[in-house]
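A.B. asks:
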Amino acid sequence: MKRIVAVDGQLERFKPLRHIISFDDFDRGFNGWMDLTPNFVYDDYESFDSVVDLTSWAPSMLSSAPMRFAASHGSMAGTYSLKLTTAPTAAPHTEPPADGSMGVVVKRLSRFDDPDKIQIETWYSYTPEQDRVGLGEEDIRAFGFYFDIQDSEYRYMPGVRYVNSLGGELVKRWQYWKVADGVTPEQWSFGVDDAWCQPGIDNLWYGRRYEDGSADGYQWMPGGEQDLLYNESPDKINWLYMRLTVDVARREYVEFQSMDKVIDLRGIQPTLAPRYRSIDNLINLIFYVETDTDRSVHLFLDSVLYSTE
Amino acid sequence: MTPVSDRKQPDMLNTHTSVLARRVRIDADFATLPYEAGWASEALLFTQVEGAHPELTITTEVSPDGINWIARGEPQTLHEDGSIAESPLTVFGNWIRLVIRGATPERPARVLVHVSLKG
Numbered sequence: 004m005k006r007i008v009a010v011d012g013q014l015e016r017f018k019p020l021r022h023i024i025s026f027d028d029f030d031r032g033f034n035g036w037m038d039l040t041p042n043f044v045y046d047d048y049e050s051f052d053s054v055v056d057l058t059s060w061a062p063s064m065l066s067s068a069p070m071r072f073a074a075s076h077g078s079m080a081g082t083y084s085l086k087l088t089t090a091p092t093a094a095p096h097t098e099p100p101a102d103g104s105m106g107v108v109v110k111r112l113s114r115f116d117d118p119d120k121i122q123i124e125t126w127y128s129y130t131p132e133q134d135r136v137g138l139g140e141e142d143i144r145a146f147g148f149y150f151d152i153q154d155s156e157y158r159y160m161p162g163v164r165y166v167n168s169l170g171g172e173l174v175k176r177w178q179y180w181k182v183a184d185g186v187t188p189e190q191w192s193f194g195v196d197d198a199w200c201q202p203g204i205d206n207l208w209y210g211r212r213y214e215d216g217s218a219d220g221y222q223w224m225p226g227g228e229q230d231l232l233y234n235e236s237p238d239k240i241n242w243l244y245m246r247l248t249v250d251v252a253r254r255e256y257v258e259f260q261s262m263d264k265v266i267d268l269r270g271i272q273p274t275l276a277p278r279y280r281s282i283d284n285l286i287n288l289i290f291y292v293e294t295d296t297d298r299s300v301h302l303f304l305d306s307v308l309y310s311t312e
Numbered sequence: 129m130t131p132v133s134d135r136k137q138p139d140m141l142n143t144h145t146s147v148l149a150r151r152v153r154i155d156a157d158f159a160t161l162p163y164e165a166g167w168a169s170e171a172l173l174f175t176q177v178e179g180a181h182p183e184l185t186i187t188t189e190v191s192p193d194g195i196n197w198i199a200r201g202e203p204q205t206l207h208e209d210g211s212i213a214e215s216p217l218t219v220f221g222n223w224i225r226l227v228i229r230g231a232t233p234e235r236p237a238r239v240l241v242h243v244s245l246k247g
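Protein chains in written order, with my numbering: chain A, 4 to 312; chain B, 129 to 247.
1) Within 8 Å of any Cβ in chain B, is that where the Cβ of P41 of chain A sits?
2) Give the DSSP-derived three-state secondary structure of Y48 of chain A in the structure shown.
3) Could you tell me the boundaries of the alpha helix (DSSP H) in which Q190 of chain A lies?
4) What residues from the segment 154-165 of chain B come within 8 Å of chain A, judged by C-beta to C-beta, listed N to C?
5) Please list the residues of the segment 194-210 of chain B that have a C-beta atom closer than 8 Å to any C-beta atom in chain A, keeping them in chain order.
6) Chain A beta carbons: is any one of them nearer than 8 Å to that of H181 of chain B?
7) With C-beta atoms as the reference, is I186 of chain B less than 8 Å away from A213 of chain B?
8) Can you list, in chain order, the residues of its chain whose CB lies under 6 Å from that of G35 of chain A, leaving out five sequence neighbours each side?
9) Per the contact definition of three or more C-beta pairs closer than 8 Å, is the segment 229-237 of chain A in contact with the segment 200-207 of chain A?
10) Evaluate N234 of chain A with the Cβ neighbour count: other Cβ atoms within 10 Å of its Cβ, from every protein chain shown; 16 or more gives buried, anything less gives exposed.
11) Less than 8 Å separating the beta-carbons of A73 of chain A and S84 of chain A?
12) Roughly how many angstroms lie between the CA atoms of D119 of chain A and E312 of chain A, to the nearest whole one?
13) Between the segment 273-286 of chain A and the segment 257-265 of chain A, can you find at least three pairs of beta-carbon atoms closer than 8 Å?
14) Got a sec, what are the start and stop residues for the beta strand (DSSP E) Q178 of chain A sits in?
15) By DSSP, does D193 of chain B sit in helix, in strand, or in coil?
16) For M245 of chain A, which option in A:G171, A:I121, A:D38, A:V307 has the closest C-alpha, if you only look at C-alpha atoms?
17) Alpha carbon to alpha carbon, how far is Y163 of chain B from G185 of chain A?
18) Starting from the Cα of P237 of chain A, find the closest Cα among A:P99, A:D30, A:P131, A:R21 and give me that residue.
19) Nearest by alpha-carbon distance to L138 of chain A: which of A:P225, A:V249, A:I240 is it?
20) Inspect the beta-carbon positions of T82 of chain A and D30 of chain A and report whether they are closer than 8 Å.
21) Ignore the nearest five residues each way along the sequence and tell me which others in D157 of chain B's own chain have a CB closer than 6 Å to its CB.
22) Among A:Y309, A:L302, A:D297, A:D305, which has the Cα closest to the Cα of D142 of chain A?
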């Protein structure tokens, strides 16, 4: 049998590993990306006890990136991107996230062919709603990506987060997902006894946060200072590239690329938590965005490529 | 030369359901967050209420920018003994949202709003 491979011209702007498992262009729909919600499995379809309301995150949408005074931006290739957004509300950055202050999307996959390495890539952009005068950059707290992985021994979540602004002050540094030593489950979940989430699980809203942006669930990336391209107005967005590679055989980070910057993360291990019931071989892909104030902020994903080898 | 695969999409509509308000407890007039639906040609919004609630008035709105809004479509009334209402929208441009009026601190409501899109 003759094997014919038709290469999508769009792949020229990606650096995939040997096997492309999914390539999501949001001009063709949601591609299985959906809003992240907790498990509605208790009485009256309620979820588990949590200080953070995990049902409250703002709904994602297919966006043509229309602006208040400018025209629609469209996407990098075509018309639509996947837009994560937030409600116009935020708690101080030293507190747990307020209801609705984040947008979170997930794509649910599983282990295939037992790869050694997995990789996520995306072209993306971010901006706040132009609902007030000014530059707006300082109102975007953070955005990030993480893998939710479970193998035959551990569940773990390698990820990255760009801390853009805290309390209205620009920070512009990358963090990676790893829990500081000595954090207890009760501290992790803000005082809930017998919490569902163990340290190292769901760092995006659990774990204590501190004034300078450090947190139980986040560590500053070595060389992670980066003045990301925001442009000069909320209605101007530029498409940026991001890539994270993880070694799932050794359970450690490999490399992170953001635009023209590549950071070697070999030897750094995300926090390993005990296995959870019935999710062996799970590999989920998750993006999120956080607002810093009473203003909606947006993260646009033009396209996402997940590959393995 | 080997022909590349035909990129034409199957002759089938796209559809997507989003939850615009997930079991939110309201005690004042309430609007869902601005939502872009420009890829679809029809929208059907469902409002469900869990538990006791006052009579609620439900309207849909459209917007040029997701910031400034104008009413569009037929207002719906959800009576005290009702639990679900529907609000259809066509020719809505890009931005849509749903507004629920009638809840008060004395008579709150817990609402669940879906939008079902097709196009």
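Ideal Cβ placement from N, Cα and C applies to all residues, glycine included.
C.D. replies: Let me lay it out:
1) Taking Cβ atoms only, chain B never reaches closer than 8 Å to P41 of chain A, which makes this a no.
2) In the structure shown, Y48 of chain A adopts helical secondary structure according to DSSP, grouped into three states.
3) 188-191 is the span of the alpha helix (DSSP H), which, as asked, contains Q190 of chain A.
4) Within the segment 154-165 of chain B, the residues whose Cβ lies closer than 8 Å to some Cβ of chain A are L161, P162, Y163, E164, A165, listed in chain order.
5) The residues in question are G194, I195.
6) Not an interface residue.
7) The answer is yes: Cβ separation under 8 Å.
8) Within the same chain, K110 come within 6 Å of G35 of chain A by CB-CB distance, once the 5 residues on both sides are set aside.
9) Three or more Cβ pairs closer than 8 Å define a contact, and the segment 200-207 of chain A falls short of that threshold against the segment 229-237 of chain A.
10) Exposed, since its Cβ has fewer than 16 Cβ neighbours within 10 Å.
11) Going by C-beta atoms, A73 of chain A is not nearer than 8 Å to S84 of chain A.
12) So the two alpha carbons sit approximately 6 Å from each other.
13) As far as the Cβ criterion goes, the segment 257-265 of chain A does not touch the segment 273-286 of chain A, which means the pair count is below three.
14) Element bounds for Q178 of chain A: 172-180.
15) For D193 of chain B, the secondary structure class from DSSP, reduced to helix, strand or coil, is coil.
16) Nearest option by C-alpha distance: A:V307.
17) Straight across, the Cα-Cα distance linking Y163 of chain B with G185 of chain A is about 42 Å.
18) Selected option, being the one with the closest Cα: A:P131.
19) Closest by alpha carbon: A:I240.
20) Closer than 8 Å, so yes.
21) Same-chain partners within the cutoff: R229.
22) Checking every option, the nearest Cα to that of D142 of chain A belongs to A:D297.
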